[in-house]
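**Q**
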Amino acid sequence: MTITVAGTSDPWLAGMPDGSTASFVDVAPAQSPVQVLGLSLIPGQTLNFSASGGVKNGPPLPLHDPDGGSFVSHLPGSENGISDITAPINSLLGVFLDNSQTNLTAAPGSLNFSSIGLNFSSLAPQVKQVFFIGDGLTGTNSGAVQNFIVPTGATRLFLGTMDGYEWANNGGSFSVTVQAVPEPSTIFGLGVLGFGAFFKHNLAKSNKSNKQDN
Numbered sequence: 447m448t449i450t451v452a453g454t455s456d457p458w459l460a461g462m463p464d465g466s467t468a469s470f471v472d473v474a475p476a477q478s479p480v481q482v483l484g485l486s487l488i489p490g491q492t493l494n495f496s497a498s499g500g501v502k503n504g505p506p507l508p509l510h511d512p513d514g515g516s517f518v519s520h521l522p523g524s525e526n527g528i529s530d531i532t533a534p535i536n537s538l539l540g541v542f543l544d545n546s547q548t549n550l551t552a553a554p555g556s557l558n559f560s561s562i563g564l565n566f567s568s569l570a571p572q573v574k575q576v577f578f579i580g581d582g583l584t585g586t587n588s589g590a591v592q593n594f595i596v597p598t599g600a601t602r603l604f605l606g607t608m609d610g611y612e613w614a615n616n617g618g619s620f621s622v623t624v625q626a627v628p629e630p631s632t633i634f635g636l637g638v639l640g641f642g643a644f645f646k647h648n649l650a651k652s653n654k655s656n657k658q659d660n
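Residue numbers for the sequence shown follow the numbering used here, so the first one is 447 and each next one is one higher.
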């Protein structure tokens with residue numbers, strides 16, 4: 447599935463009701479991040495992302511691709527029960543949530559991608575822990591596809607962008623594709639079904655041929 451993520455999408459409003467505030471001036475739903483709908487989240491499942499487009503954190507500033515620019519943190523820190531993060535400004539971010547309102551429980555620890563790096567092969571964030579997605583590849587517009595692991599308890603996924611504060615004056619957007627990777631058992635099952643269909647088809651052809659010969 448493909449989703450448009452506006453530069454005004456503030457991750458710290460994820461799962462919060464209309465009228466909630468974050469990042470000093472942002473208000474739900476105007477600056478709320480985008481929920482990924484139609485995707486069943488299974489704990490331990492792998493998700494892959496691909497993203498294109500550009501976002502900027504202010505009217506006169508240049509657009510950045512999904513991997514973003516310089517590293518920044520969320521100026522208010524953790525907020526509404528959602529963790530802080532250190533990540534490239536204007537980069538594509540994600541956050542998994544459970545079914546509860548985020549500000550009713552404490553925020554988890556934060557991820558610092560200036561030390562983790564952006565070229566990881568796999569990432570397993572916690573529920574309510576904001577994480578870097580970027581363009582979904584180990585390099586900028588190149589490299590291997592990165593794997594993101596769905597945490598236990600996750601029922602929702604939101605996508606937003608990185609800024610220090612005030613998403614309201616941001617511009618641009620990303621086009622993001624999210625894909626669940628089939629489990630090996632699923633692939634095996636599909637293979638068995640495919641072989642069964644092939645065997646049944648050929649058996650039917652053989653029986654038909656035998657009838658014609660008789």
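Beta carbons are placed, not taken as given, at the ideal position from N, Cα and C, and that holds for glycine.
From a predicted model like this one, the values you see are computed outputs, not experimental measurements.
1. Which same chain residues end up closer than 6 Å to F604 when comparing Cβ atoms and leaving out the 5 residues on each side of it in sequence?
2. Using the DSSP secondary-structure output, state which residues sit across from A626 in a beta bridge.
3. Considering only residues of the same chain and omitting the five flanking positions on each side of A553, which have a CB-CB separation below 7 Å?
4. Thinking just about the alpha-carbon of each residue, which of G555, A468, D581, S498 is nearest to the one in F594?
5. I believe F470 touches Y611 by the beta-carbon criterion, under 8 Å. Please report the beta-carbon distance rounded to the nearest angstrom.
6. Rounded to whole angstroms, what's the CA-CA distance from N545 to L487? Just pull it up for me.
7. Can you tell me which of the three DSSP states I535 falls into?
8. Among residues of its own chain, excluding the 5 on either side of L583, which ones have a beta-carbon nearer than 6 Å to its beta-carbon?
9. Given S568, which residues of its chain have a CB within under 6 Å of its CB, disregarding the five upstream and five downstream residues?
10. Please report the Cβ distance between G500 and M608, rounded to the nearest whole angstrom; I am assuming they are in contact, meaning their Cβ atoms lie under 8 Å.
11. Would you mind giving the Cβ-Cβ distance between L550 and P571, rounded to the nearest angstrom? I have them listed as a contact below 8 Å.
12. Using the C-alpha atoms, what's the distance from G606 back to L539?
13. Pull up the distance between the alpha-carbon of A600 and that of P505, whole angstroms please.
**A** Answer, in terms of the structure:
1. Within the sequence shown, residue 604 is the residue found at index 158, counting from 1. The residues are A460, P479, Q481, V541.
2. Position 180 of the sequence shown, counted from the start, is the residue given in the question as residue 626. According to DSSP, A626 bridges with L493.
3. Counted from its first residue, the sequence shown places residue 553 at position 107. Taken in chain order, the residues that qualify are S524, G527, I528, S529, K574.
4. Taking the first residue of the sequence shown as position 1, residue 594 is located at position 148. Nearest C-alpha to F594: D581.
5. To locate residue 470, count along the sequence shown from 1; it is residue 24. To locate residue 611, count along the sequence shown from 1; it is residue 165. About 5 Å; that satisfies the 8 Å criterion.
6. As a first step, residue 545 must be located in the sequence shown, where it is residue number 99. As a first step, residue 487 must be located in the sequence shown, where it is residue number 41. Those two C-alpha atoms are separated by around 12 Å.
7. Here residue 535 is taken as the residue at index 89 of the sequence shown, counted from 1. Coil, per DSSP.
8. Counted from its first residue, the sequence shown places residue 583 at position 137. Once the five neighbours on either side are set aside, the close Cβ partners of L583 are G589.
9. Walking along the sequence shown from the start, residue 568 turns up at place 122. Counting only Cβ-Cβ distances below 6 Å, and skipping sequence neighbours, we find N593.
10. For this step, residue 500 is matched to residue 54 along the sequence shown. For this step, residue 608 is matched to residue 162 along the sequence shown. Contact flag wrong, Cβ pair sits at about 13 Å.
11. In the sequence shown, residue 550 corresponds to position 104, counting from 1. In the sequence shown, residue 571 corresponds to position 125, counting from 1. Actually they are not in contact, since the Cβ atoms of L550 and P571 sit about 20 Å apart, beyond 8 Å.
12. By 1-based counting over the sequence shown, the position of residue 539 is 93. By 1-based counting over the sequence shown, the position of residue 606 is 160. Computed Cα separation, rounded: 5 Å.
13. Position 154 of the sequence shown holds residue 600. Position 59 of the sequence shown holds residue 505. If you take the alpha carbons of A600 and P505, they lie about 35 Å apart.
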